[in-house]
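Participant: Please see the structure below; I have some questions.
Protein chains: 2
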Amino acid sequence: MTLLATLATIFGVINGFANFPQIYKIFKTKSAKDLSITTYLILTVGSIVWVLYGIEIMNVPVLIMNGLALLEFIIILIGCYMYGRG
Amino acid sequence: MTLLATLATIFGVINGFANFPQIYKIFKTKSAKDLSITTYLILTVGSIVWVLYGIEIMNVPVLIMNGLALLEFIIILIGCYMYGRG
Numbered sequence: 001m002t003l004l005a006t007l008a009t010i011f012g013v014i015n016g017f018a019n020f021p022q023i024y025k026i027f028k029t030k031s032a033k034d035l036s037i038t039t040y041l042i043l044t045v046g047s048i049v050w051v052l053y054g055i056e057i058m059n060v061p062v063l064i065m066n067g068l069a070l071l072e073f074i075i076i077l078i079g080c081y082m083y084g085r086g
Numbered sequence: 101m102t103l104l105a106t107l108a109t110i111f112g113v114i115n116g117f118a119n120f121p122q123i124y125k126i127f128k129t130k131s132a133k134d135l136s137i138t139t140y141l142i143l144t145v146g147s148i149v150w151v152l153y154g155i156e157i158m159n160v161p162v163l164i165m166n167g168l169a170l171l172e173f174i175i176i177l178i179g180c181y182m183y184g185r186g
């Protein structure tokens, strides 16, 4: 495994948690008006499809990474709903 | 190719453009204070690594999707720099 392949794998995992600072910021500041609901709706639907696809191909990493992303996007959408109007 | 595999492919492409509504919102409202710079810095570094990895393995889809994501994240970071303080 090359250095870049190792780094790509590490960042694949790190990126799975990349939205947690965004979640923290929304609920700490109680503000989400600058976030695009359209963007997070697209990402949420995409994650749902990929979770189902992960189940279909029975690929655990695909399932876990997209399940985690789906959870994060849903929490962000809840934040947008609660605090999206400033 | 199953229905889910087709949908997963379609949403893989759609997700590559998912951040454009976010970019539009930042530059239209001239406000990005609710966005987490930490989140977008992580996503940017991850994309750089994946672009380099895409070059290393000479995989054009990996290169294009991550190059596009990198471009979007950099534009969002510029938006955060310009409008991040409200």
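Protein chains in written order, with the working numbering: chain A, 1 to 86; chain B, 101 to 186. Note that CB positions come from ideal geometry on N, CA and C, so glycine has one too.
Go through its chain and collect everything with a Cβ distance to Y124 of chain B's Cβ below 7 Å, but skip five positions before and after it.
Facilitator: Once the five neighbours on either side are set aside, Y124 of chain B has no close Cβ partner at all.
Participant: Verify whether the separation of the beta carbon atoms of I174 of chain B and T144 of chain B is less than 8 Å.
Facilitator: Contact: yes.
Participant: If I176 of chain B sits next to Q122 of chain B, beta carbons under 8 Å apart, how far is it from one beta carbon to the other, in whole angstroms?
Facilitator: The Cβ separation is near 6 Å, so the contact holds.
Participant: Checking contacts by CB at 8 Å: is G167 of chain B closer than that to chain A?
Facilitator: No, its Cβ sits nowhere closer than 8 Å to a Cβ of chain A.
Participant: Of the residues that make up the segment 153-182 of chain B, which ones have a beta carbon closer than 7 Å to any beta carbon in chain A?
Facilitator: Residues passing the 7 Å Cβ filter: Y153, E156.
Participant: So, using beta-carbon positions, are S31 of chain A and Y81 of chain A closer together than 8 Å?
Facilitator: No. Outside cutoff.
Participant: To the nearest angstrom, report how far apart V151 of chain B and G112 of chain B are at their CA atoms.
Facilitator: Roughly 16 Å between the two C-alpha positions.
Participant: Have a look at A:K33, A:K28, A:I57 and flag the residue whose alpha-carbon is nearest the alpha-carbon of I187 of chain B.
Facilitator: Residue coverage of chain B in this structure runs from 101 to 186, which leaves residue 187 of chain B outside it and unanswerable.
Participant: Use the C-beta contact count for V60 of chain A: other C-beta atoms within 10 angstroms, 16 or more gives buried, fewer gives exposed.
Facilitator: Answer is exposed; the Cβ neighbour count stays below 16.
Participant: Determine the chain B residues that contact K30 of chain A at a beta-carbon separation under 8 Å, and present them in chain order.
Facilitator: Under the 8 Å cutoff, chain B gives no residues; its nearest Cβ is about 10 Å from K30 of chain A.
Participant: In chain B, what lies closer than 8 Å to F11 of chain A by C-beta?
Facilitator: V145, G146, V149, W150, listed in chain order.
Participant: May I ask which residues mark the beginning and end of the alpha helix (DSSP H) holding M182 of chain B?
Facilitator: Residues 160-183.
Participant: Can you tell me whether T102 of chain B is helix, strand or coil according to DSSP?
Facilitator: The answer is coil: DSSP assigns T102 of chain B none of H, G, I, E or B.
Participant: Using CA coordinates, which residue listed in B:N119, B:I110, B:I164 is at the minimum distance from I140 of chain B?
Facilitator: The residue asked about is misnamed: residue 140 of chain B is Tyr in this sequence, not Ile. Per the Cα distances, B:N119.
Participant: Return the residue from the list A:T9, A:G67, A:A5 that minimises the CA-CA distance to G46 of chain A.
Facilitator: Ranking the options by Cα distance to G46 of chain A, first place goes to A:G67.
Participant: Is there a C-beta anywhere in chain C that falls below 8 Å from the one on S131 of chain B?
Facilitator: Considering every chain present, this structure includes no chain C. Its protein chains are A and B.
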